[in-house]
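K.L.:
Below you will find the structure I want to go over with you.
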Amino acid sequence: MLEPETQICGAVVIFDMDGLSMQQVWQFTPQFAKRIVDWLQESIPLRIKGFYIINQPFIFNMIFQLFKPLLKEKLRSRIVFMGSDREQLYKYITPKFLPDCYGGTLSIPNVSGPQWLELLLICDKEFAAINSYGYRKK
1 MLEPETQICG AVVIFDMDGL SMQQVWQFTP QFAKRIVDWL QESIPLRIKG
51 FYIINQPFIF NMIFQLFKPL LKEKLRSRIV FMGSDREQLY KYITPKFLPD
101 CYGGTLSIPN VSGPQWLELL LICDKEFAAI NSYGYRKK
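In this text, residue positions in the sequence shown follow full-length UniProt numbering: the first is 1, and each later residue adds one.
As structure tokens, this is what we get:
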């Protein structure tokens with residue numbers, strides 16, 4: 001999100017639901033759905049160009065009905081359920097931009113937990129600096 005190119009062009013999201021348990025499914029309450037939708041549509045400083053849901057269990061198709069009325073048409077039209085059909089995914093994303101776990105050829109580094117933490121802490125400093133700008137309260 002900090003890269004100007006990403007800010008202009010936006011990003012696509014692959015939401016892989018492989019291994020989703022029933023215990024996790026029960027967390028999708030109407031209140032949780034509203035929070036997620038508000039966060040996606042109103043809070044993230046990112047243009048979502050596509051939201052591709054893969055390996056979703058059948059029950060999630062029903063759960064999505066909780067989210068659907070809360071979605072603006074623009075985002076709703078960008079959400080695509082693909083199941084395990086990789087060919088459908090390739091219609092939206094060229095395999096050279098996908099990691100091998102999705103049948104692509106993109107080489108991605110194996111990042112450990114401490115490395116992720118370091119990156120998040122760097123981003124936290126960036127966000128704190130960005131949030132320091134703005135208007136003073138009267």
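Every residue gets a Cβ at the ideal spot worked out from N, C-alpha and C, and that includes glycine.
As the structure is a prediction and not an experimental result, all values here were calculated from the model.
So, with DSSP's three-state summary, where would you put Leu-106?
P.N.:
Leu-106 falls in the strand class under three-state DSSP.
K.L.:
Would Val-37 pass as a contact of Phe-60 if the rule is Cβ separation under 7 Å?
P.N.:
Not a contact, by the Cβ cut-off of 7 Å.
K.L.:
Use the C-beta contact count for Phe-32: other C-beta atoms within 10 angstroms, 16 or more gives buried, fewer gives exposed.
P.N.:
By the 10 Å Cβ count, Phe-32 comes out exposed.
K.L.:
Buried or exposed: Ile-8, going by 16 or more other Cβ atoms within 10 Å of its Cβ?
P.N.:
Looking at its Cβ environment, which holds fewer than 16 other Cβ atoms inside 10 Å, Ile-8 is exposed.
K.L.:
In its own chain, which residues sit with a C-beta less than 7 Å from the C-beta of Pro-57, not counting the 5 before and 5 after it?
P.N.:
Met-17 and Leu-20, listed in sequence order.
K.L.:
With DSSP as the reference, label Phe-51 as helix, strand or coil.
P.N.:
Three-state DSSP puts Phe-51 in a strand.
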